[in-house]
Amino acid sequence: MSDVREAASRYQTTKPLPAGRITFEEFLAWCDEDTRAEWVDGEVIILTPAASKHQKIIMLLSSLLREFALLKNLGEILTAPFLVRLPGTLRRGREPDILFVSNEKLPFLKETYMDGAPDLIVEVTSPESLVRDREEKYVEYEASGVREYWLIDPDRQQAEFFRLGENGRYRTIWPDQNGIYHSEVLPGFWLKVDWLWQDPLPSAIACFKEMGLI
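By the UniProt record's numbering, the letter at position 74 of the sequence shown is numbered 74, and the numbering carries on one by one without gaps.
The following block contains the structure:
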């Protein structure tokens with residue numbers, strides 16, 4: 001727990017950390033909207049503050065996904081801070097940047113967390129989170145049945161899209177020749193990857209116009 005306490009001190013977490021391992025229910029009781037943290041096999045992991053470019057990409061993607069899901073009546077889009085309790089023996093409470101919950105899975109949405117795997121998770125990486133997002137969470141999301149995983153790296157201007165195959169393993173889905181990624185869990189939704197690297201970022205309205213939705 002020493003590393004966790006050091007991180008808490010570095011990022012000015014004023015909330016006292018629990019001593020030793022705690023249950024997920026105890027973690028829920030401890031955590032609040034002002035504390036960004038994850039629960040990993042009984043330990044509390046403090047998350048670092050996001051950079052502005054990280055936040056702007058999340059805002060753009062969440063706006064596009066939320067309005068599309070609403071327009072097509074497909075389900076709900078949620079953003080951090082909101083926990084996902086991964087199923088089975090994983091013993092993980094993760095806090096994705098963005099998650100999509102289809103209508104079929106809405107019963108698994110609780111007041112403060114999703115009890116099970118959402119259909120889509122988007123993680124926008126930072127230097128601190130890169131290994132965790134690319135390695136640990138990749139394996140966890142695959143094992144828990146998250147159907148699509150988008151990994152967006154603003155520093156490298158790299159976007160990777162993974163889709164769960166019939167064998168339960170992720171396979172990489174590449175954008176088409178025009179640099180456009182087509183989602184499977186949100187039928188009809190597509191994303192031009194170059195939008196994410198523009199400075200300044202395009203507005204959601206401009207993207208929707210290009211998509212022919214308005």
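Positions of the beta carbon are idealized from the N, C-alpha and C atoms, including for glycine.
In this text, all values refer to a predicted model and were calculated from it rather than measured experimentally.
For residue i versus residue j, is the C-beta spacing smaller than 8 Å?
i   : j    : result
I58 : V124 : yes
L90 : S144 : yes
R36 : P81  : yes
A51 : S129 : no
L86 : A117 : yes
K72 : G168 : no
I think residue i touches residue j, with their Cβ atoms under 8 Å apart; what is that distance to the nearest whole Å?
i    : j    : result
L191 : R147 : Not really, about 16 Å apart at Cβ, beyond 8 Å.
E76  : V101 : 5 Å
L61  : V122 : 6 Å
P16  : E26  : Rounded, the Cβ-Cβ distance is 13 Å, inconsistent with contact.
W197 : C207 : Not confirmed; about 14 Å, so no contact.
Run the CB neighbour count on residue i, radius 10 Å, all protein chains shown included, and call it buried at 16 or more, exposed below.
i           : result
G165        : exposed
residue 220 : With the chain running from 1 to 214 in the structure shown, residue 220 is simply not present.
Y11         : Note that Y11 has pLDDT 46, beneath the 50 cutoff, so the model's placement of it is unreliable and the number below is only indicative. When all chains shown are included, Y11 counts as exposed.
W150        : buried
residue 233 : No statement about residue 233 is possible, as the shown extent of the chain runs from 1 to 214 and does not include it.
The ligand NAP heavy atoms versus the CB of residue i: any closer than 7 Å?
i    : result
G188 : No copy of the ligand NAP occurs in the structure displayed, which carries no ligand at all.
Go through its chain and collect everything with a Cβ distance to residue i's Cβ below 6 Å, but skip five positions before and after it.
i    : result
H182 : W190
A159 : I152, V193
A8   : With a pLDDT of 40 at A8, under the threshold of 50, the predicted position of this residue should be treated as unreliable, though the coordinate-derived value follows. Around A8: L17, I46.
P175 : Y181, V193
Among the options, whose alpha-carbon lies nearest the alpha-carbon of residue i?
i    : options              : result
T79  : T48, G88, W30, T112  : T112
E135 : P49, A19, P154, F162 : F162
D41  : P49, R21, K53, A51   : R21
G212 : T172, W174, K15, L64 : L64
M114 : I98, S129, P127      : I98
N103 : L130, P87, A69       : A69
L106 : P175, V84, D32, P154 : V84
L201 : E33, K72, P154, A29  : P154
K110 : I214, T23, L28, D199 : L28
E184 : Q177, I173, N178     : I173
Which same chain residues end up closer than 7 Å to residue i when comparing Cβ atoms and leaving out the 5 residues on each side of it in sequence?
i    : result
E38  : I45, L47, G93, R94, E95
Y141 : I121, Y149
K209 : none
H54  : V124, S126, P154
D3   : Here D3 scores only 39 on pLDDT, less than 50, and its place in the model should not be relied on; the value that follows carries that caveat. Once the five neighbours on either side are set aside, D3 has no close Cβ partner at all.
F24  : W39, R85, G93
Residue i CB to nearest chain C CB: under 8 Å?
i    : result
E136 : Chain labels in this structure do not include chain C; a single protein chain is all it has.
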